[in-house]
Amino acid sequence: MSFKLGRVAPFLMLGLAACATAPKVTEQGYLIEVPEEVRVIAAPYQNLNAIKLNPEDGCYWYQHENAVEYTMLPLRTAGGNPICSQVALDAVQTAAAE
């Protein structure tokens, strides 16, 4: 499977610098401290108190609560783009090189 740079360019622009160490998480896997860079670019309607970094895609996900259930949704910017870490950027670059 190959990726076209034009299709992932917006995704690449959102790559955030990876931490030198793994982030500290609760027993449920939520980040204890959300990076300031993520807080600044996240759209205001999202729950920033329950954030996970998904190891499968390298993107941040938040817990959305509605009247019926809790759902994990991708954390997005005000423009609707997903917020991802350097892990996601590295995965896209590796796939593009193959």
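Numbered according to mature numbering (1 follows the signal peptide of the UniProt record, and there is no 0), the sequence shown spans residues -20 to -1, 1 to 78. Each residue gets a CB set at the ideal place from its N, CA and C atoms; glycine is no exception.
What's the gap between the Cα of K4 and the Cα of L11?
Indexing the sequence shown from 1 puts residue 4 at position 24. Indexing the sequence shown from 1 puts residue 11 at position 31. Distance between K4 and L11, taken at the CA atoms: about 6 Å.
Run of the beta strand (DSSP E) containing I31, from where it starts to where it stops
Locating residue 31 in the sequence shown gives position 51, where the first residue counts as 1. Counting along the chain, the beta strand (DSSP E) containing I31 begins and ends at 31 to 33.
Write down the C-beta distance between L28 and Y42 rounded to the nearest angstrom, noting that I regard them as a contact closer than 8 Å.
Taking the sequence shown and counting its residues from 1, the one referred to as residue 28 is at position 48. Taking the sequence shown and counting its residues from 1, the one referred to as residue 42 is at position 62. With a Cβ gap of about 7 Å, L28 and Y42 count as contacting.
Can you name the start and end residues of the alpha helix (DSSP H) that E17 belongs to?
Within the sequence shown, numbered from 1, the residue matching residue 17 stands at position 37. Run containing E17: 16 to 21, per the alpha helix (DSSP H) assignment.
Give every residue of the same chain whose Cβ lies closer than 7 Å to the Cβ of G9, excluding the five residues on either side of it in the sequence, and list them in chain order.
As a position in the sequence shown, residue 9 is number 29, starting the count at 1. Contacts found: K32.
Among the residues of its own chain, which have a CB less than 8 Å from the CB of T6, if the five just before and after it don't count?
Numbered from its first residue, the sequence shown carries residue 6 at position 26. Excluding sequence neighbours, T6 sits near I12.
Rounded to the nearest angstrom, what separates N61 and G38 at their Cα positions?
Reading the sequence shown from its first residue, position 81 is the one you call residue 61. Reading the sequence shown from its first residue, position 58 is the one you call residue 38. When only Cα atoms are considered, N61 and G38 end up about 14 Å apart.
Cut-off 6 Å between Cβ atoms - residues of its own chain near A58, not counting five sequence neighbours on either side
As a first step, residue 58 must be located in the sequence shown, where it is residue number 78. Take A58, set aside five residues on each side of it, and the residues of its chain with a beta-carbon closer than 6 Å to its own are A23, in chain order.
Exposure of R19, with buried meaning 16 or more beta-carbon neighbours within 10 Å
One-based indexing of the sequence shown puts residue 19 at position 39. Answer is exposed; the Cβ neighbour count stays below 16.
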